[in-house]
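Novice: Keeping their order, the protein sequence lines are chains V and E. First residue of the first sequence: 1, per the working numbering; consecutive thereafter. First residue of the second sequence: 1001, per the working numbering; consecutive thereafter.
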Amino acid sequence: MFAMISALRQISLRHLRHHKLRTVLTVLGIALGVSAIVAIRLVNEIAARSFEQSVAAVAGATALQITNGDAGVPEELVDEVKAVRGIGTVAPTVQGFVTLPDLPGERVYLLGVDLLADRDVREYQPDPDAVRVDDPLVFLAKANSIALTRELMAAHALSEGQTMRVQSGSGVQELVIRATIDGRTGPSRLFGGRVAVMDVFAAQRLFAQRGRFTQIDVAQSPTRSTEELQQELTALTAGRAIVERPQRRGETLERLLAGNRSAFTLGAALANVLGLYIVFNAMMVAVTQRRREIAILRSTGMRGREVIRLVMLEALLLGAAGCALGIPLGNLFARTLWSSYRTSVSDRFLPIEQIDVTLTASAVLWGVAFALLTSLVGALVPTRQAIRVRPIEALRNTVAIDAVKPIATRLTLAALALLAARTTAGLLQARRPDGPFATARQVLDLGLLVVVSLGAPALLRRVLRLLVRHDDRLGGVTTIASRNVLSHFRRVSTTSSALLVSIAGAIGVATVASSFEATFRRVLAAEFGRTDVGVSSGTQVGPASAKPLPDSLVDLIAALPEVQNVDPSRWVKVPYGGLLTYVVARDTRVYRVGYRGLNLVDGDRDAALDALEAGRGAIVSEVFARRFHKGRGDVLELPTPSGPVALEIVAVHSDLTDLGAIYVDRAAYRRLWRDDKVTFIELSIATGASRDAVMNTIRSRWGESYGLFVVPVATLVREYERIAAQALFAIYPVILIVIAIALLGLVNALLAAVLEGVRQMGILRAIGATRRQLALSFMVEAALIGAVGGVAGVLTGALVGYVWVGEIPELFGMSFTHRYPLGAMLVGGIATVVLAAAAGWIPGRAAGNLNVRSALAYE
Amino acid sequence: MVRLDRVVKTYRSGRTDLHALDGVTLDIAAGEFLSIVGPSGSGKSTLLHLVGGLDAPDSGEVLVGGRSLAEMSDDELTLLRRRRVGLVFQFFNLLPTMTAEENVGLPLLLDGTPASERRERVERALRKVLIWDRRHHTPDAMSGGEMQRVAIARALVIEPAVLLADEPTGNLDSRTGHEILELLRTTASRERQTVLMVTHDASAAEYGDRIITLVDGRIANERRTGRTLAEAAS
């Protein structure tokens, strides 16, 4: 062992020091791979922790929660629950976002709580440094009291006793700040203290939720077990609400995000594969370049296994250096990724806890294991090859050419085997949708991509041979370049595979995005039909942030002479099968008259509309059908404030809801859900009337009192497209990392080629190649590799995109129209060639600057 | 054709200065075949590198065709090697991925010579060194002698005014070595090319018109072999 360490010091370390640039590039390649792994691992861990903490922050000491999505739970349920034997504290709440018209851009999560009861289930620490109201009764005595966090008050120089305007579903109301709470504890922690607390009944009025609460929290019973109570409460609330443990909400969010996480993980897996390629390549080059050195060692008595051990130690050393750099880099990437991830999740689902990104032991261990294992695997193969070469062969003073074994047959067999396995996994998945087969298919897809990528070198060789055959017509530079690639083919072949994987990944993502866009356009065209203007209360597009509006507003808008038609709809989030989904209530008439389209993927339009109008049926979205494994003819049991209701699924409709939707007739909804509010009012303008004038009229008459968001439908469509793009946000940084790694690998491989080909460069310079010609030849060489990797990558990417788009129903629940991003493919192909050529500039310059005499003497 | 005027070249090895050439002055006439002999480290190869513009002297001047190499830019020196100075090495230095005819045509390709002209000149050069029938072979399929013939053809294809040969027979057996030398001598005489040949081998040196012996970077001895340019030409 000591001898090995001594050899490591005298041979390996000296070699690494001597080839500083390449050592740095190798370490950087490993570091980038590690950083991608660590970042993704960290984001996953933090997301899970954050969900738990968010739920705990809101839930406090709550043992059970009684909820019914946005529809809320009927008020009378509180007394019924309180009457249950041995029940703990029962605390109803009303929750939701409000905006502050006097503080543009400010958005606050308002919790309406029963202050007397809520202290038993939640933590509201009065701010010790602020003036506080000792007796909550004083606070409760006035319905317009609100408590803000010290952080929020400090941010806007607010003080107790001050009046502030709050915008909610019922319009704008004036509230008086009568207490300060500590933003660092309890639910106030969420959104960095952007939380307000008020009396639950005052909040009911503010949110126009008369007779309903958002949820009822039940504290731990001193005498009865939670399981026992949950069973009893489930029976009690049957059909009106669901009873669940707070932790379940965290799990629900996890399940909601599963699709997004899968895309994220797929990108990370690509980064890992690429990291492996780069490390493998770097190690292979390192070993090949030292063929002569290894031969000398072997001829002086070092055994093959000792050489392997020495190179393995060196690989561990490089892997460790890659970890040292990659882990902090991963931490940095994780911060950026987490920030956008959290914002997106908070906007789309529920506010989640802000947690500082810090390295965790498991992420570090994961990163270290990846780096060391890939380094070892990457070094082992070429080392085994190197020791098989007889020392005398390696010691010959000639320009070495890489021997390449044809592996086409083996690759084809591997590809066929993977394809068969993938098809089997697909069939099994169809039988057991909840089984592990979806993951198995994804893994097999990745394996298939790797195998296909290994075919890139064969394509590169064919292209080169074609060029060589016609080099009469090519210039000297291209001839040198193509011959150069052939002479160190094995080294650059790994790079071409790596490029193929990264470009294929990027094109795959672009295909998904493009198909997303095409599907969106198609669905949006039907969804918005002939509407011109959308009206809602909120600051953003989408039902998640819109606050309900009174039905009376619909009549007021419809009465405007320039308005031809009005289509009000109500969107409420409801729990179903342990997950959240939307109930969308709309006048069936709008479909009948063709004012709005239906993208039916199953069912008869007229029969479906008849059933809808009669209040006996519902149309479900494709997302809903896939998420809950329901189809036409199935019966949905839905809890409503009027008790359970059974609706038959009469058709399946393709829409854009990420949570899925159950479409019902609005009249039936009003009756069953006891809710006559609307979420959106969409209208069409009479011929000849000005759209902008109508929008201005609505804004000026009712804009302030209802906090209206009045936008042209065209703008809404654009905004929906933006939201859709967010669904894939996590994968883009990962893909960028993947391409960066691939290009870095290319620079690395070419630099190694310069070092390896020093003698050859010397010969070329001696017989009359100028520095410029040599430098250019490297750029052409890189461009050739880029072109082959790029073209093969684009073609493979088209295939990958096709597969991914086909898998979207598994990830997101809705099927997409296939559309290839031809522009992106063309630009991607050209950009790869240009970037690759640019990557060849550094080694090209190094080649041009070689000293001819030393180069000729180079061994 | 070639003139070295008080040329000094010193290399530093660790803390020691090695005087590769120490004030060498030498004139080589057009069409002359000069053999340079001497022990290892005497400066023979350095002299050749300086004439080929592969290296620059510390002091003194090297002139080829009446023009000082010190006045030339790197590109001009490259063009000099591409068009006027042919190089032949001990280890042949052929590109392994190229066939014999591709190796020979490389300087012309780099110079942008039209393909048809290139083909003609490559054929002429290969026939001249009697290796035309092996034109499609890559170096790994050739013997040492064949490889050296290809290397000579690559040097001759540019129709150089000066041919620099560094131990051209150092890696060949005796019989092949003499064949190569005979070839060098014949073709150089026929084309009236100036040849500077570095060799360890005393019998090889006898192929030259004149032999100089370098010792420690200085010309220690100089003699004519008895062959004359006129003789060679005849």
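No residue lacks a Cβ here, since even glycine has one placed at the ideal position from N, Cα and C.
Please tell me whether threonine 1010 of chain E has its Cβ less than 8 Å away from any Cβ of chain V.
Specialist: no
Novice: Chain E beta carbons: is any one of them nearer than 8 Å to that of valine 852 of chain V?
Specialist: yes
Novice: Quick one: what does DSSP say alanine 1233 of chain E is sitting in, helix, strand or coil?
Specialist: Reliability of the predicted coordinates at alanine 1233 of chain E is poor, the pLDDT of 48 falling under 50, and no value is obtained from them.
Novice: For the region 765-783 of chain V, list every residue whose C-beta sits within 9 Å of some C-beta in chain E, in sequence order.
Specialist: Arg765, Ala766, Ile767, Gly768, Ala769, Thr770, Arg771, Arg772, Gln773
Novice: Indicate the three-state DSSP secondary structure (helix, strand or coil) for leucine 784 of chain V in the structure shown.
Specialist: helix
Novice: Could you check the C-alpha separation between alanine 689 of chain V and leucine 835 of chain V for me, to the nearest Å?
Specialist: Spanning the two alpha carbons is a distance of roughly 53 Å.
Novice: Find the residues of chain C that neighbour glycine 476 of chain V, judging by a C-beta separation of less than 8 Å, and give them in chain order.
Specialist: In the displayed structure, chain C is absent; the protein chains listed are V and E.
Novice: Quick check on this structure: which residue in E:Ala1020, E:Met1142, E:Leu1126 has the alpha carbon closest to the alpha carbon of methionine 1215 of chain E?
Specialist: Residue 1215 of chain E is actually valine in this sequence, not methionine. For valine 1215 of chain E, the nearest C-alpha among the options comes from E:Ala1020.
Novice: Which whole runs of the beta strand (DSSP E) in the region 1177-1211 of chain E are 3 residues long or more, in chain order?
Specialist: 1194-1198
Novice: If alanine 440 of chain V and glycine 797 of chain V are in contact, beta carbons under 8 Å, what's the gap, nearest whole angstrom?
Specialist: Going by Cβ atoms, the distance from alanine 440 of chain V to glycine 797 of chain V rounds to 22 Å, so no, they are not a contact pair.
Novice: Would you tell me roughly how many angstroms separate the C-alpha atoms of valine 1037 of chain E and threonine 1225 of chain E, rounded to the nearest one?
Specialist: 13 Å
Novice: Take leucine 1164 of chain E as the anchor and find which of E:Met1147, E:Ala1188, E:Gly1144, E:Trp1132 has the nearest alpha-carbon.
Specialist: E:Ala1188
Novice: For alanine 646 of chain V, list the residues DSSP reports as bridge partners.
Specialist: V:Glu637
Novice: From E:Ile1212, E:Asn1221, E:Gly1177, E:Gly1031, pick the residue whose C-alpha is nearest to that of arginine 1190 of chain E; which is it?
Specialist: Checking every option, the nearest Cα to that of arginine 1190 of chain E belongs to E:Gly1031.
Novice: Would a check of beta-carbon distances place threonine 1169 of chain E closer than 8 Å to chain V?
Specialist: No - not a single Cβ of chain V is within 8 Å of the one on threonine 1169 of chain E.
Novice: Chain V partners of asparagine 1093 of chain E, CB-CB under 9 Å?
Specialist: Val399, Arg759, Gln760, Gly762, Ile763, Ala766, Ile767, Leu856
Novice: Just how far apart, CA to CA, sit serine 1035 of chain E and isoleucine 842 of chain V?
Specialist: Each residue's Cα considered, the two are about 42 Å apart.
Novice: Does leucine 1018 of chain E come out as helix, strand or coil in the three-state DSSP assignment?
Specialist: strand
Novice: Can you check DSSP and say which residues form a bridge with tryptophan 571 of chain V?
Specialist: V:Val584
Novice: Using a Cβ-Cβ distance under 8 Å, would methionine 1197 of chain E count as near chain V?
Specialist: no
Novice: To the nearest angstrom, how far is the alpha carbon of leucine 743 of chain V from that of serine 1143 of chain E?
Specialist: 41 Å
Novice: Across which residues does DSSP place glycine 534 of chain V in a beta bridge pair?
Specialist: V:Glu682, V:Val711
Novice: Rounded to the nearest angstrom, what separates alanine 1237 of chain E and arginine 1118 of chain E at their Cα positions?
Specialist: With chain E covering only 1001 through 1234, there is no way to say anything about residue 1237 of chain E.
Novice: Alpha carbon to alpha carbon, how far is alanine 379 of chain V from methionine 312 of chain V? Give it in angstroms, no decimals.
Specialist: 7 Å
Novice: Could you tell me the alpha carbon to alpha carbon distance between methionine 164 of chain V and valine 572 of chain V, rounded to whole angstroms?
Specialist: 28 Å
Novice: Give me whichever residues DSSP pairs with histidine 653 of chain V in a beta bridge.
Specialist: V:Leu600, V:Ser621
Novice: Can you tell me the Cα-Cα spacing of leucine 609 of chain V and threonine 588 of chain V, whole angstroms?
Specialist: Distance from the CA of leucine 609 of chain V to the CA of threonine 588 of chain V, rounded to the nearest whole angstrom, comes to 7 Å.
Novice: Put glutamate 859 of chain V into one of helix, strand or coil per three-state DSSP.
Specialist: Note on glutamate 859 of chain V: pLDDT 44, under 50, position unreliable in the model; the coordinate value appears next. DSSP places glutamate 859 of chain V in coil when its eight states are reduced to three.
Novice: With DSSP as the reference, please indicate the residues paired to proline 92 of chain V in a beta bridge.
Specialist: V:Ile216
Novice: At the level of alpha carbons, what is the spacing between proline 128 of chain V and alanine 371 of chain V?
Specialist: Residue placement at proline 128 of chain V cannot be trusted, given a pLDDT of 44 that sits under 50; what the coordinates show is reported in the next sentence. Looking at the two C-alpha atoms, the distance is approximately 49 Å.
Novice: Does the CB of aspartate 1005 of chain E have a neighbour CB from chain V at under 8 Å?
Specialist: no
Novice: Would you say threonine 1149 of chain E faces chain V, with C-beta separation under 8 Å as the test?
Specialist: In the sequence on display, residue 1149 of chain E carries arginine and not threonine. No, because no Cβ of chain V sits closer than 8 Å to the Cβ of arginine 1149 of chain E.
Novice: Consider the Cβ of arginine 1134 of chain E: report whether some Cβ of chain V lies at a distance smaller than 8 Å.
Specialist: no
Novice: Looking only at C-alpha atoms, which of V:Pro712, V:Arg521, V:Leu229 sits nearest to alanine 693 of chain V?
Specialist: Ranking V:Pro712, V:Arg521, V:Leu229 by Cα distance to alanine 693 of chain V puts V:Pro712 first.
Novice: Is the distance from the Cβ of leucine 115 of chain V to the Cβ of aspartate 199 of chain V below 8 Å?
Specialist: Result yes, Cβ atoms of leucine 115 of chain V and aspartate 199 of chain V sit closer than 8 Å.
Novice: Between isoleucine 401 of chain V and the rest of its own chain, which residues show a CB-CB distance below 6 Å, the 5 nearest in sequence each way excluded?
Specialist: Confidence at isoleucine 401 of chain V is low in this model, with a pLDDT of 47, below 50, so its placement is unreliable and the value that follows should be read with caution. Closer than 6 Å at the Cβ level, and outside the excluded window around isoleucine 401 of chain V, lie Ser487.
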